[in-house]
Amino acid sequence: DAGITQSPRHKVTETGTPVTLRCHQTENHRYMYWYRQDPGHGLRLIHYSYGVKDTDKGEVSDGYSVSRSKTEDFLLTLESATSSQTSVYFCAIRIQGTDTEAFFGQGTRLTVV
Amino acid sequence: GENVEQHPSTLSVQEGDSAVIKCTYSDSASNYFPWYKQELGKGPQLIIDIRSNVGEKKDQRIAVTLNKTAKHFSLHITETQPEDSAVYFCAASIGPGSTLTFGKGTMLLVSP
Chain A
24 DAGITQSPRH KVTETGTPVT LRCHQTENHR YMYWYRQDPG HGLRLIHYSY GVKDTDKGEV
84 SDGYSVSRSK TEDFLLTLES ATSSQTSVYF CAIRIQGTDT EAFFGQGTRL TVV
Chain B
17 GENVEQHPST LSVQEGDSAV IKCTYSDSAS NYFPWYKQEL GKGPQLIIDI RSNVGEKKDQ
77 RIAVTLNKTA KHFSLHITET QPEDSAVYFC AASIGPGSTL TFGKGTMLLV SP
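Chains as they are written, first to last, in the working numbering: chain A, 24 to 136; chain B, 17 to 128.
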């Protein structure tokens, strides 16, 4: 699993509140990704990072921001949570020089009420 | 952008039967096609991949085939076992440094 830890694993929050999800890895991988998984939509890329302070938007980035101040941590923030952001969020890493996300975390189930 | 269609959405088979999951892609520039298996409550796990310079790749009971002309690729699982029950995702990308586009997934149920 490349030492990927997501926290929290479950969270219930109220509409309009800020929420930060954390992805921590222990193997110094440069590339990290945040996906959301929803029934009928599969996995959709939110944001990704290719190094410290280097990030880019994915397919569904609206309403989300990310930060990567250290190689090992990639944070996903919902500035003002909405019910449409209720989802399961997965962090993933890509081994440099390869073409795909090799390892995914266990996921964070977020419910916005 | 790329669009990946995956069929069927659910597939039920008897233990020992074969299972086939099909995906089509829209971008002819796509040249890398991984497959993931996701067990209940876990993150996706990469199980096999194929590049556009080959037509088939096998790994024990699983195989992937690619038809570049028709822009579709398939996952084949032979001699299915109950532990093969999971959601399977296909994906496509245009290669190194590019992001993946995933299909919507297929729930495979293998009955003993």
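Think of the CB as a built atom: it goes at the ideal place given N, C-alpha and C, for glycine as much as any other residue.
These figures come from a predicted structure and were not determined experimentally.
Taking 9 Å as the CB-CB limit, is residue i close to chain B?
i              : result
residue 82(A)  : yes
residue 43(A)  : no
residue 129(A) : yes
residue 124(A) : yes
residue 64(A)  : yes
residue 71(A)  : yes
residue 53(A)  : no
residue 133(A) : no
residue 74(A)  : no
So the candidates are the options; which of them puts its Cα closest to the Cα of residue i?
i              : options                      : result
residue 76(B)  : 91(B), 68(B), 82(B), 69(B)   : 91(B)
residue 105(B) : 128(B), 55(B), 120(B)        : 120(B)
residue 62(A)  : 74(B), 103(B), 117(B)        : 103(B)
residue 51(A)  : 96(A), 107(A), 106(A)        : 96(A)
residue 125(B) : 32(B), 20(B), 21(B)          : 32(B)
residue 107(A) : 27(A), 60(A), 126(A)         : 60(A)
residue 79(B)  : 58(B), 57(B), 87(B), 50(B)   : 50(B)
residue 30(A)  : 126(A), 117(A), 44(A), 70(A) : 44(A)
residue 98(A)  : 41(A), 118(A), 35(A)         : 41(A)
residue 117(A) : 83(B), 98(B), 66(B), 61(B)   : 61(B)
residue 73(A)  : 65(A), 102(A), 121(A)        : 121(A)
residue 69(B)  : 85(B), 59(B), 63(B)          : 85(B)
residue 80(A)  : 65(A), 55(A), 92(A)          : 55(A)
Taking only beta-carbon atoms, is residue i less than 9 Å away from chain A?
i              : result
residue 48(B)  : yes
residue 89(B)  : no
residue 128(B) : no
residue 40(B)  : no
residue 109(B) : yes
residue 114(B) : yes
Look up residue i in the DSSP assignment and give the residues it is bridged to.
i              : result
residue 93(B)  : 35(B), 78(B)
residue 103(B) : 54(B), 123(B)
residue 65(A)  : 61(A)
residue 73(B)  : 80(B)
residue 76(A)  : Paired residue(s): none; residue 76(A) is not in a bridge.
residue 61(B)  : 126(A), 53(B)
residue 159(A) : Missing from the structure shown is residue 159(A); chain A here goes from 24 to 136 and no further.
residue 132(A) : 33(A), 111(A)
residue 109(B) : 48(B)
residue 68(B)  : The partner list for residue 68(B) (beta bridge, DSSP) is empty, contrary to what the question assumes.
residue 101(A) : 42(A), 87(A)
residue 116(A) : 55(A), 126(A)
For the putative contact between residue i and residue j, defined by C-beta atoms under 8 Å, what is the C-beta separation to the nearest angstrom?
i              : j              : result
residue 67(A)  : residue 83(A)  : 5 Å
residue 87(A)  : residue 105(A) : That pair is no contact at about 11 Å.
residue 107(B) : residue 89(B)  : About 10 Å; that fails the 8 Å criterion.
residue 82(B)  : residue 71(B)  : 6 Å
residue 34(A)  : residue 131(A) : 7 Å
Can you tell me where the beta strand (DSSP E) with residue i in it begins and where it stops?
i              : result
residue 42(A)  : 42 to 47
residue 108(A) : First-last for residue 108(A): undefined, no H or E at that position.
residue 26(B)  : 26 to 30
residue 22(B)  : 20 to 23
Do residue i and the ligand NAP come close, with the Cβ less than 8 Å from some heavy atom?
i             : result
residue 22(B) : Judged by which ligands are present, the structure shown has none, so any question about the ligand NAP falls away.
Who are the neighbours of residue i on chain D, taking C-beta pairs under 7 Å?
i              : result
residue 113(A) : Of the chains in the structure shown, none is chain D; the protein chains are A and B.
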